[in-house]
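Residue numbers (my numbering), protein chains in the order written: chain A, 67 to 279; chain B, 67 to 279; chain C, 515 to 847; chain D, 515 to 847.
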Amino acid sequence: MEKLTISEVKQIFGEIKKVIDDNKEFLIKLDAAMGDGDLGLTMTAGFDAIVKEIKNTSDNDMGNVIAKMGMVMSNVAPSTLGTLLATAMMRAGKIVKGYAEIGLKEIVDMGNAAINGIKQRGKSEVGDKTILDSLYPAIVELDKAVKDNLTLDVAFEKAFKAAKEGFKKTESMVSKHGRAAYYGEKSIGHPDSGAAVGMLIFEGIYNFFSKNK
Amino acid sequence: MEKLTISEVKQIFGEIKKVIDDNKEFLIKLDAAMGDGDLGLTMTAGFDAIVKEIKNTSDNDMGNVIAKMGMVMSNVAPSTLGTLLATAMMRAGKIVKGYAEIGLKEIVDMGNAAINGIKQRGKSEVGDKTILDSLYPAIVELDKAVKDNLTLDVAFEKAFKAAKEGFKKTESMVSKHGRAAYYGEKSIGHPDSGAAVGMLIFEGIYNFFSKNK
Amino acid sequence: MKKIINNPDNFVNEMLEGILAAHPDQLKSASKDLRSIVRADAPVKDKVGLATGGGSGHLPVFLGYVGKGMLDGCAVGNVFASPSAQQMLEVTKAIDSGKGVLYIYGNYGGDVMNFDMAAEMAEFEDIKVESIVVADDVASAPKGNEKKRRGIAGLFYAYKIAGACADELKSLEDVKKVTEKALAGMRSMGVALSPCTIPSVGKPTFEISDDEMEIGMGIHGEPGINKGKLKTADEIVEILMRNILNDLPYKSGDEVSVLINGLGATPKEELYIAYRKAHAILRESGIKIYHPYIGEFATSMEMAGMSITLMKLDEELKFLLDKPANTPFFVQA
Amino acid sequence: MKKIINNPDNFVNEMLEGILAAHPDQLKSASKDLRSIVRADAPVKDKVGLATGGGSGHLPVFLGYVGKGMLDGCAVGNVFASPSAQQMLEVTKAIDSGKGVLYIYGNYGGDVMNFDMAAEMAEFEDIKVESIVVADDVASAPKGNEKKRRGIAGLFYAYKIAGACADELKSLEDVKKVTEKALAGMRSMGVALSPCTIPSVGKPTFEISDDEMEIGMGIHGEPGINKGKLKTADEIVEILMRNILNDLPYKSGDEVSVLINGLGATPKEELYIAYRKAHAILRESGIKIYHPYIGEFATSMEMAGMSITLMKLDEELKFLLDKPANTPFFVQA
Ligand SMILES: Nc1ncnc2c1ncn2[C@@H]1O[C@H](COP(=O)(O)OP(=O)(O)O)[C@@H](O)[C@H]1O
Ligand SMILES: Nc1ncnc2c1ncn2[C@@H]1O[C@H](COP(=O)(O)OP(=O)(O)O)[C@@H](O)[C@H]1O
Ligand SMILES: [Mg+2]
Ligand SMILES: [Mg+2]
Ligand SMILES: [Mg+2]
Ligand SMILES: [Mg+2]
């Protein structure tokens with residue numbers, strides 16, 4: 067597979083939703099340890115609404131579809147991470163406004179726009195023990211894949227691996243943002259719940275490619 | 067012993083206080099079962115204050131001294147039973163106003179005045195599962211003792227026994243007054259906490275005579 | 515239950531010191547022991563004095579309603595225990611302007627006996643005293659036996675109506691009459707979800723398991739009419755409302771004020787969820803709602819639970835209900 | 515924790531239905547989803563609009579202060595979760611009279627991000643928006659790092675001051691300025707004795723053993739600065755007051771308003787016991803108390819605990835503090 071259609075992007079969101087659903091309790095537990103414990107609830111609600119909403123969307127502008135998902139996330143899950151993901155999706159959508167299909171090159175641009183959106187809205191950086199720490203290494207992998215001319219499924223297998231590694235590394239980091247920041251040094255030893263979401267998003271995408279090789 | 071002096075009456079109140087103190091938890095438990103559980107607290111506080119107060123009383127009018135104890139009880143323990151006991155002591159005191167000593171005959175008159183005071187203030191009768199059910203049989207014994215010309219110590223031994231029996235009998239009665247009345251038939255099986263106080267008062271008096279034979 | 519207290523024996527006195535320190539412009543003590551608290555401007559010229567009293571642990575009941583448009587004074591007992599007749603007498607003397615004093619208090623053995631003693635003492639001092647005993651809890655005795663019922667959150671309405679009427683400088687008889695009318699049309703019932711702890715006792719007054727509630731339980735933990743599994747808010751309100759509505763009974767065309775009262779630990783969010791259902795039931799029954807009150811009006815320290823009170827209104831009662839009031843615990847503009 | 519609720523998923527909506535049913539003369543919904551609530555008479559002609567918002571579970575914060583003399587509107591989130599930028603925008607549009615809108619809200623990540631998004635959207639619609647982030651909790655970040663602090667009960671004072679100033683028909687800049695002055699002189703700190711439970715989660719958000727308390731804990735259970743054995747009321751107040759007084763620092767000759775805030779399950783009796791000690795400490799420190807507030811102003815559902823807030827006053831702030839207010843949850847005559 068070299069390009070993704072809108073219909074395939076919709077399927078990918080379906081796969082992400084499934085992974086998030088399966089990990090609801092895991093996310094609650096992670097967030098409860100260093101936050102308010104709602105992440106499992108907000109994320110399942112957010113992706114559930116996105117999947118419902120896009121089913122009814124006949125828009126054939128990839129950018130609009132993805133930005134719309136951001137709006138849905140913002141409305142349904144206006145928590146910290148929901149709002150950051152909403153910002154990310156809206157910025158990513160902007161990049162591919164007018165497109166009907168997207169390839170790895172566009173996906174990397176979208177990823178960078180998303181990461182910049184999160185950084186700006188969250189006033190945060192890679193290394194601050196947030197979702198950025200699983201998203202960023204994954205996007206770096208995709209960027210490499212463009213240069214190495216890899217196929218989408220191979221690229222996303224690597225990206226998922228990088229996201230997973232990134233998530234694991236958050237365990238030894240110190241939280242700098244959100245509720246977890248109140249724990250300071252005490253946050254060491256607890257992996258970040260938002261980074262887990264970043265990893266699960268890439269797991270969902272990976273699952274899509276596993277099923278559609 | 068045929069007569070009681072004011073100093074002896076004071077000692078008797080000291081004995082009552084001791085018995086009440088020893089039974090604090092017992093009274094709390096009884097009252098908690100069918101009421102608010104404060105009886106152990108109010109009664110120890112009430113008799114404690116009485117004993118402290120009478121130490122400083124140089125009044126040599128038996129009636130005044132006993133009425134004064136009623137006032138103290140009313141001020142310190144204005145719960146249901148505290149108020150009823152206060153009424154009882156004030157009425158009893160009235161009977162012996164002007165006396166320096168009291169014999170069994172006067173004591174019976176005081177007991178009857180006390181019982182009538184409780185009945186009037188509490189709108190209650192013997193058999194309603196209250197303190198009356200231990201006080202009344204005891205006074206009946208004292209009345210008999212007057213007729214039989216018994217000494218004070220023998221009379222009060224019988225009175226204590228009657229009060230104890232009276233208390234036990236409340237177990238099978240139905241509460242008609244106070245918080246316990248809300249339990250209706252369910253109060254059967256629980257002896258009445260106020261009747262326990264009636265019994266303990268006579269136990270205190272009995273202890274005085276045991277020590278002063 | 516964990517409490518923010520010092521020595522449990524000083525619980526009531528320290529609370530009173532705090533209240534007097536916070537509201538010196540509104541309240542003063544009429545005695546050395548702080549147990550007889552009256553309005554700072556008592557006695558109010560030409561006004562009937564309104565006195566209440568009862569055990570502590572129910573704030574805002576009783577003391578919290580002493581102030582403009584409501585009560586003139588309050589005798590303060592220990593936790594869940596009546597104040598003494600002597601303390602009531604101090605209040606009575608401090609608030610009598612010569613127009614007489616009305617006692618308004620809840621129907622509890624100790625309180626009744628002490629207020630009766632106080633009334634005898636006050637009359638001895640030539641103060642005219644009348645008494646009203648609030649007995650609004652339908653769960654505490656069956657219909658036909660209304661005199662045996664306990665007083666709960668309905669006390670608030672009794673104070674509000676009597677206070678507004680007394681403010682109009684009406685006579686003792688008139689104030690008593692309109693308050694009795696309000697009480698005749700008033701019914702309450704509550705539910706408890708958790709016990710509370712008397713500070714000096716240190717352990718809960720009763721036990722209720724984690725998935726249970728007690729319908730009709732009193733504010734000192736007196737047993738209710740039904741102990742059962744915890745139900746939904748809508749089901750609980752249905753039960754309370756059915757008992758209340760059937761008891762008077764209230765009927766289509768009636769106009770009522772509704773009071774949703776929290777017992778202490780129940781959040782206001784839940785009280786509004788309860789109000790939502792009460793509102794719907796009244797609408798379905800054709801009963802008009804005039805002025806709802808939702809909040810903590812009569813509590814049992816940290817007990818979880820709530821009660822509902824209805825008061826039937828006519829034009830006179832509506833007028834009095836609407837009048838302003840300003841006390842440390844209740845302000846109506 | 516047992517709750518009087520129906521389906522946990524409907525907790526917030528049913529609460530909102532209850533609030534709107536109870537106070538139709540004071541509040542209305544500016545959107546179909548009930549999550550954007552504004553004053554019944556919004557927009558108020560010539561007045562700066564004051565908007566707030568935040569997660570549910572803190573009543574009276576946030577929605578409870580919408581009304582005369584305080585706020586114009588509130589965006590309502592799920593329990594402990596920010597409302598959406600869209601919902602904030604609906605409020606903004608409904609309350610803007612043309613004089614601009616001031617956002618006043620607590621310093622929480624989700625809220626800040628959403629209010630920032632909403633402000634961008636509002637400016638796009640030509641509504642002038644300014645923002646004030648309340649960050650009064652000294653326990654949540656050390657001195658020098660004040661911007662990182664959380665907002666707690668001090669929100670009440672911010673609303674009161676801004677509301678009174680806006681009522682004078684002052685400009686957006688003036689309202690913002692005086693509110694910032696109030697915030698600059700305001701510090702809070704709290705203690706938690708028990709956790710609370712988010713209805714849809716169903717179990718407590720944290721654990722705290724039977725004889726422990728957590729000093730400095732946030733209103734969502736954010737960790738404090740010290741978890742230790744439960745202390746006496748006087749000791750607790752000493753710790754809170756010492757931290758608050760030293761942080762600004764407040765000094766002899768200052769004049770302050772004090773707010774003793776209950777977190778939900780703590781009875782008013784205990785709040786007054788705490789006030790008693792706070793009052794004594796201020797007196798000893800030569801600090802004058804102007805107008806104390808004691809009660810539940812910002813809660814965490816059924817959490818037990820309390821917080822103390824001090825606000826330094828000058829003549830302007832005293833004047834604004836004293837002005838009347840009339841909202842469903844707060845009335846000052
Ligand atoms: N400023 C920030 N920038 C980027 N990510 C953040 C920031 N603050 C929090 N996060 C991420 O959000 C996660 C928590 O999200 P969420 O549960 O929605 O927060 P809350 O419940 O406090 O609103 C954190 O684990 C972290 O990964
Ligand atoms: N009307 C009454 N007449 C006589 N005795 C009563 C009456 N009501 C209650 N009692 C007695 O008082 C006891 C309870 O006293 P107390 O604990 O002081 O009551 P409360 O705590 O409810 O004020 C009962 O066990 C009963 O013996
Ligand atoms: Mg969270
Ligand atoms: Mg008792
Ligand atoms: Mg009692
Ligand atoms: Mg959250």
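Ideal placement from N, C-alpha and C gives every residue a C-beta, glycine not left out.
Bear in mind that the values here come from a model prediction, so they are computed numbers and not experimental data.
With 16 other Cβ atoms within 10 Å as the buried cut-off, status of residue i
i, result
"residue 166 (chain B)", "exposed"
"residue 628 (chain C)", "buried"
"residue 539 (chain D)", "exposed"
"residue 278 (chain B)", "exposed"
"residue 134 (chain B)", "buried"
"residue 839 (chain D)", "buried"
"residue 138 (chain B)", "buried"
"residue 846 (chain C)", "buried"
"residue 600 (chain C)", "buried"
Spatial distance of residue i from residue j (CA atoms)
i, j, result
"residue 94 (chain B)", "residue 236 (chain B)", "17 Å"
"residue 783 (chain D)", "residue 573 (chain C)", "7 Å"
"residue 614 (chain C)", "residue 636 (chain C)", "10 Å"
"residue 172 (chain A)", "residue 123 (chain A)", "22 Å"
"residue 669 (chain C)", "residue 586 (chain C)", "15 Å"
"residue 594 (chain D)", "residue 624 (chain D)", "10 Å"
"residue 239 (chain A)", "residue 786 (chain C)", "43 Å"
"residue 174 (chain A)", "residue 724 (chain D)", "53 Å"
"residue 811 (chain D)", "residue 156 (chain B)", "49 Å"
"residue 547 (chain D)", "residue 576 (chain D)", "17 Å"
"residue 618 (chain C)", "residue 825 (chain D)", "39 Å"
"residue 148 (chain A)", "residue 104 (chain A)", "11 Å"
"residue 229 (chain B)", "residue 257 (chain B)", "13 Å"
Beta-carbon proximity check, residue i vs residue j, cutoff 8 Å
i, j, result
"residue 543 (chain C)", "residue 667 (chain C)", "no"
"residue 663 (chain D)", "residue 621 (chain D)", "yes"
"residue 780 (chain D)", "residue 581 (chain D)", "no"
"residue 570 (chain C)", "residue 602 (chain C)", "no"
"residue 679 (chain D)", "residue 834 (chain D)", "yes"
"residue 727 (chain D)", "residue 744 (chain D)", "yes"
"residue 764 (chain D)", "residue 774 (chain D)", "no"
"residue 686 (chain D)", "residue 642 (chain D)", "yes"
"residue 639 (chain D)", "residue 245 (chain A)", "no"
Range of the contiguous alpha helix (DSSP H) that encloses residue i
i, result
"residue 765 (chain D)", "Where residue 765 (chain D) is concerned, there is no enclosing alpha helix (DSSP H), given that its DSSP letter is neither H nor E."
"residue 624 (chain C)", "623-638"
"residue 689 (chain D)", "686-698"
"residue 108 (chain B)", "105-121"
Bounding residues of the beta strand (DSSP E) (the contiguous stretch that carries residue i)
i, result
"residue 645 (chain C)", "643-648"
"residue 677 (chain C)", "Taken as a continuous stretch (DSSP letters only), residue 677 (chain C) belongs to no beta strand (DSSP E), being part of the alpha helix (DSSP H) at 668-681."
"residue 786 (chain C)", "Counting along the chain, residue 786 (chain C) falls outside any beta strand (DSSP E), though it belongs to the alpha helix (DSSP H) covering 782-798."
"residue 69 (chain B)", "69-71"
"residue 207 (chain A)", "Per DSSP, residue 207 (chain A) belongs to no beta strand (DSSP E); it is in the alpha helix (DSSP H), 198-213."
"residue 589 (chain C)", "587-593"
heavy atom of ligand 2 below 7 Å from residue i C-beta
i, result
"residue 189 (chain B)", "yes"
"residue 98 (chain A)", "no"
Contact test: residue i Cβ vs ligand 1 heavy atom, cutoff 7 Å
i, result
"residue 197 (chain A)", "yes"
Heavy atom of ligand 3 within 7 Å of residue i beta-carbon
i, result
"residue 219 (chain A)", "no"
Residue i Cβ short of 7 Å to ligand 4 heavy atom set
i, result
"residue 102 (chain B)", "yes"
"residue 105 (chain B)", "yes"
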